[in-house]
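Per the numbering used here, the sequence shown runs over residues 82 to 875.
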Amino acid sequence: MRPPSAFPARRVSFPILLALAGAAWPVPRDGEAEALAAAERALEEAPEDPGRLEAAGMAALAAGEPDLGLWYLGLAREAAPADAALAKRIAETSASVARPAAGADALLAGYAENLFKIAKVCEGKKLYANAVDLLGQCKGTRFAAGAAERLEKIYAREKAVELLLATGLDVPARAAERRSARELARLDAQHADWEDAYEVKGTYYTVRTNMGFEMAQAISDAMEQMNSFYRQVFDYKERGGTMRRCVIHVYRSRADFDAHEDVAETVKGFYRPLENSVTTYDPRTERHPAPLAALWSTLFHEASHQFTHAVWPNPIPTWLNEGTASYFEGARLQPGGTVAFNGIPDGRLKGLLAALEEGSPTVEQVITHFADGSYPGEYYPVGWGLVYFCHNYEDESAERVYLPIYRAFQQTYKGGGQHDVKGRFVEHFVTKAKVEGVASLGDFAALFARWIRALAAIHFGGAEQADVLIERGRRQTTHKKLAAAIESYRWALRKRPGDAVALAELAAARAAAGEADGALYSWRRLAERARGIDDPAAEIPGFAGKTAGEVLALAAAGIAAVDAKIAADLAAADAALTAAASAAARAWADAGLPRNAAQILATAQAVKGSDGTLAALARELAPEVDLRRWRRLAVEPGLEAWHHGDDWTAADGAIALDTAGLVFCVARAEPPPAFRYEVVVEPGEAVEAPIFGLVYGANPATGERLFALLPSLGYAGRVEFVAGVPELTMRFPLALPEGNGPIALALEVQPGRVEFFVNGASLGADEGGAELAGRVGIFGQAMRARFAELRVKY
């Protein structure tokens, strides 16, 4: 569930077109520049407050900056569209220095009205992904409220949500249950003790947790989705037959877990068959903290044992039990709250590669382990790999030959009796499978090892692996395995977001599969990709020499093939907006007001989507203008706007830390996909060798990423958690000034890219295409420090 955000969605502003009436601006008096600086500093505390925007605009005009002043006044008017008194004051002020030019407001309203109408047509034709996308483009216009209402209705339809998820769109969970950060903090404090834990009842699960309201809802939503996936994999009452209710216990800390559960220190979670319950805790509170993502792996694994016991009441090979449970660890909770299935848990794949390298444990050792309880820890990655292999291996005809074998093998263990464990495996996976070149268990193990190494090359590889996946998609398409091809092209796009070839072939595969909604959505994304290139004659890499203009024509033809009327209406609306926005921006620039010119072009692109023509014009007319604004992160006495432990306290507008262990403090609010994040760290006494830095990309689904400084070792780096273990995936030399003075840290985040800064100097960037959506925060270990000047710019 995406949390309530204290970062308001940025309003798309399209101010009244104004042209200077030849007024001469007075030289500002002493103190007017200081007054503007003070107004802008106050605005950082409440960037959407219309009164503060108006004050900043008036201060800018008084300081002799008409471009900045009129821009702030336009934002003020957008922030309070129903405030007639404010609108009158702004109009009077603007009239004293400029005159309006007709058509700007009508332009945006007309375009938004067209989008809203086309969205309703899409909704009526059950093209839900496109309806949602177009309604989202209405944000910031006078059609925003109507669009939001229609979105809520679409999300309330079960069939619509199914189609949205099939298209690859994440769906906000429990959209109506949005609460303020302050209210969430108050509620969570009331349910912090285990005796007062939240209790959420779903169809199949009851969730008890003192981790907070957000997590209670997120766990409930995720587990209800997992129930359907369990039924599918276990071939058990897939239509939702009766199943005993399972209780999920999730403690807010390892300390709570140990206080209430009598288990060994090495136990991270467990399933109790007699009680039909699953129990675990927040892994970030361990002695060696793991990311939040580890919680989902534990839950999805342990909860599957309910089905293991229902399907197999008699003893079964351990790999079939634990390997199948480990397979569910790959299910991934997405930021919006939906669960994506059939994923790859990094830790299991790395462990399997190590086993293949060492030659132990062997496939034979794993498949013949047949005993009560579990098997050794090093067997788990191999057991996971066998189940994942069965679900995903394809022969040259793109046939998943082992999946029906795996299901038939499952069925043989529904009854009891003595048997040859190895013999039964060979009978199914060698003899009955009839895979070319596999005549023995040794041949099967060799094929398994080759396939796993190729999988690891793709999974851990960079953007170049998109080419491998595109070729796979083509083979699958040739053999009419369109669902598999769609999966491959979507994976390619995760590796190389916006890849034009993958988008085009994904759109074609969806069209061939009869997925009109997905095809239209993908063709539109391809059109946006091509339209975003400044020069229509420029070639698009990897697209067989085709130019941006040719690819745009291909996308337009694809859109028209799905629905010619929608295609014509979209093209006409887009062309009209581009022409009108270009003319309006030039009028502003000719009047000496480049910031307002840039705002018009940014507004048009925010509503329309990427447009190379408008982007190039913005660089021409306003090359130095940055329309982003600073937002201060709230630091109140109780730190209500943050998720934090007892080591963190508010101190004079800063956040103070005193800790020996590794601890996190994460803002409840979430910035947009592109932003700059800055913090000034004032180190105090180090307990041992301090580690500290910034948290980013934190959300209930994936956990946290870190930008870490390790001064005692002389480097900084990017940290990710793999199987609960922090790994320094990038390392930069770190040279800090002598002494213990303040250190300015910053991140510049774009989709798929993050750049790291220390004291204003760039250390480098990560362009690996990682998913960076999520919250920001701070962390520290073995130190006392103050974190001040916490702010985000977008």
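We treat Cβ as the ideally placed atom computed from N, Cα and C, and that holds for glycine.
Note that the structure is a prediction, hence the values are computed from the model and not measured.
is_contact[residue i, chain D] using C-beta, thresh 8 Å
i, result
"Leu437", "Annotation note: the requested chain D is absent from the structure, which comprises a single protein chain."
Range covered by the alpha helix (DSSP H) that runs through residue i
i, result
"Gly428", "427-439"
"Trp377", "374-392"
"Met307", "294-315"
"Leu528", "522-541"
"Ala732", "Ala732 -> not in any alpha helix (DSSP H); beta strand (DSSP E) instead, spanning 729-732."
"Glu701", "693-702"
"Arg353", "Note, Arg353: premise wrong, no alpha helix (DSSP H); beta strand (DSSP E) at 350-353."
"Glu239", "239-248"
"Leu633", "629-643"
"Gln831", "Counting along the chain, Gln831 falls outside any alpha helix (DSSP H), though it belongs to the beta strand (DSSP E) covering 824-831."
"His472", "461-473"
"Tyr285", "Per DSSP, Tyr285 belongs to no alpha helix (DSSP H) and is neither H nor E."
Selection from the options that minimises the alpha carbon distance to residue i
i, options, result
"His450", "Leu401, Ile486, Tyr469", "Leu401"
"Ala241", "Ala210, Glu264, Gly227", "Ala210"
"Leu433", "Ala585, Ala421, Tyr796, Tyr469", "Tyr469"
"Arg553", "Phe541, Ala544, Ala566", "Ala566"
"Asp427", "Ala452, Ser378, Asp707", "Ser378"
"Cys203", "Glu346, Ala648, Ala827", "Ala648"
"Ala114", "Glu125, Leu265, Glu129, Gly150", "Gly150"
"Leu467", "Ala452, Pro457, Glu403", "Glu403"
"Arg481", "Phe490, Cys471, Ala489", "Cys471"
"Met304", "Thr419, Gly293, Leu265", "Thr419"
"Ala526", "Thr174, Leu437, Thr558", "Leu437"
"Ile614", "Leu695, Lys561, Ala662, Asp671", "Leu695"
"Asn840", "Ala537, Ala654, Gly283, Leu815", "Leu815"
"Val359", "His330, His369, Arg335, Ser334", "His330"
"Glu477", "Tyr875, Leu809, Glu568, Glu517", "Glu517"
"Phe294", "Ala340, Met307, Ala278, Gly283", "Ala278"
CB of residue i within 8 Å of CB of residue j, strictly
i, j, result
"Ala535", "Leu563", "no"
"Ile859", "Ile736", "yes"
"Ala664", "Leu702", "no"
"Phe338", "Phe381", "no"
"Tyr889", "Ala514", "With the chain running from 82 to 875 in the structure shown, residue 889 is simply not present."
"Phe422", "Phe315", "no"
"Arg757", "Ala827", "yes"
"Thr361", "Glu383", "yes"
"Val706", "Pro753", "no"
"Ala842", "Arg834", "no"
"Arg710", "Pro128", "yes"
"Val857", "Ala748", "yes"
"Ala666", "Pro771", "no"
"Glu445", "Lys503", "yes"
"Ala163", "Ala140", "no"
"Ala755", "Gly774", "no"
"Ala228", "Leu216", "yes"
"Arg812", "Val800", "no"
"Ile199", "Asp655", "no"
"Ile425", "Tyr494", "no"
"Ala391", "Tyr487", "no"
"Cys219", "Ala193", "yes"
Whole-Å CB distance - residue i paired with residue j, under 8 Å assumed
i, j, result
"Thr248", "Gly595", "Not really, about 13 Å apart at Cβ, beyond 8 Å."
"Gly861", "Thr740", "6 Å"
"Arg325", "Asn357", "5 Å"
"Leu167", "Pro131", "6 Å"
"Ala123", "Ala750", "Going by Cβ atoms, the distance from Ala123 to Ala750 rounds to 19 Å, so no, they are not a contact pair."
"Ala597", "Val643", "5 Å"
"Thr399", "Ser455", "7 Å"
"Gly855", "Ala779", "5 Å"
"Ser301", "Val328", "With 8 Å as the limit, Ser301 and Val328 do not qualify as a contact, their Cβ atoms being about 12 Å apart."
Where the beta strand (DSSP E) containing residue i begins and where it ends
i, result
"Trp275", "That residue, Trp275, is in no beta strand (DSSP E); it is neither H nor E in DSSP."
"Gly858", "856-874"
"Leu720", "Unbroken run through Leu720: none, as it is neither H nor E."
"Gly742", "735-748"
"Thr443", "Taken as a continuous stretch (DSSP letters only), Thr443 belongs to no beta strand (DSSP E), as it is neither H nor E."
- request: Examine the Cβ distances between the stretch 263-277 and the stretch 352-371 and report whether three or more of them are shorter than 8 Å.
  value: no
field: contact_flag[the stretch 565-584, the stretch 539-554] where n(CB pairs < 8 Å) is 3 or more
entry: yes
message: Taking contact to mean 3 or more Cβ pairs, one atom from each stretch, closer than 8 Å, check whether the stretch 702-717 and the stretch 867-875 are in contact.
response: Result yes; three or more Cβ-Cβ pairs closer than 8 Å.
field: Contact between the stretch 760-775 and the stretch 814-824 (3+ Cβ pairs under 8 Å)
entry: yes
- request: Kindly confirm or deny that the stretch 684-702 and the stretch 605-614 touch, where touching means at least three C-beta pairs closer than 8 Å.
  value: In the pairwise beta carbon analysis, the stretch 684-702 is classified as touching the stretch 605-614: at least three pairs are separated by under 8 Å.
message: Count Cβ pairs between the stretch 580-588 and the stretch 628-645 that sit closer than 8 Å; are there 3 or more?
response: yes
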